[in-house]
Ligand code: ATP
């Protein structure tokens, strides 16, 4: 369906259309459509803008990515459908690896996602039919299996729209986890090292912009930015951003 750019809810409706198209072309799982609905509800409570707390988290996330030895961006169906170009741009700017990692795993979908990323400029996509896989202990879903050369070997993993179990397990496996999740109360948000509470459609382009800006900073300056970040405190700020916005209505 074509949506007029003059529609007051253009961005939100256009995002839904992208997911529906992604679903029809076998990129997005049906459960991904429902998960997006939960995200949208929280986005509404922020006034559909990037809150200040999210900007603070973005800087900390970029500091971790730029200082990492083997950073990897984990890609699921919704991420691929919503921000294929920008996630590849982010991988190139850091630079970081890209790994397809699905909750509802199936090889055909993995291949379609990898080819969409390649079509958007990715030179290598890990996680598809990988010969060498590792199991992260403590995860019940098929996402426990990761590419040994990708997330398996990563020190910093960016996990947009993650499930809580896996975020916790990745932390337990000694990795630093950057989550993008509109729900500041989710287990993922709580388990991550840095949580960006924002919509992925705004968060990824912002990560690209800040990466390019922070790239010239020294390792020690980046270390200082990352270590002064406190995720729990920032999640409290995100909740306060939400409450402030709602007060404007109440
Ligand atoms: P958890 O296990 O971490 O508590 P959950 O069970 O609440 O998570 P899931 O259904 O696994 O959540 O995944 C959906 C999550 O992704 C939700 O927290 C939702 O807020 C978030 N989400 C969905 N769409 C977006 C989006 N476009 N941008 C950012 N976050 C999103």
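Residue numbers (the working numbering): 830 to 1079. All C-beta atoms, glycine included, are put in the ideal place defined by N, C-alpha and C. Keep in mind that this is a model prediction, so the values were computed, not measured.
When we look at the beta-carbon of residue i and count the other beta-carbons within 10 Å, is it buried (16 or more) or exposed?
i            : result
residue 1005 : buried
residue 839  : exposed
residue 1072 : exposed
residue 997  : buried
residue 1031 : buried
residue 878  : exposed
residue 965  : buried
residue 1045 : exposed
residue 991  : buried
residue 1065 : exposed
Cβ atoms of residue j and residue i: under 8 Å apart, would you say?
i            : j            : result
residue 910  : residue 847  : yes
residue 907  : residue 948  : no
residue 887  : residue 1035 : yes
residue 850  : residue 1012 : no
residue 971  : residue 940  : no
residue 902  : residue 987  : yes
residue 1058 : residue 889  : yes
residue 1020 : residue 896  : no
residue 1070 : residue 880  : yes
residue 925  : residue 1051 : no
residue 894  : residue 923  : yes
residue 900  : residue 983  : yes
residue 856  : residue 942  : yes
residue 1026 : residue 882  : yes
residue 863  : residue 930  : no
What is the DSSP secondary structure of residue i, counted as helix, strand or coil?
i            : result
residue 1068 : helix
residue 986  : strand
residue 1006 : strand
residue 975  : strand
residue 838  : coil
residue 992  : coil
residue 948  : helix
Can you tell me which residues form a DSSP beta bridge with residue i?
i            : result
residue 928  : 903 and 955
residue 1059 : None, per the DSSP bridge assignment.
residue 1031 : For residue 1031, which the question treats as bridged, DSSP gives no partner whatsoever.
residue 1024 : 1008
residue 962  : 976
Handout entry: alpha helix (DSSP H) runs wholly inside the stretch 857 to 924, at least 4 long, in chain order
Key = 859 to 874, 881 to 896, 906 to 911 and 913 to 922
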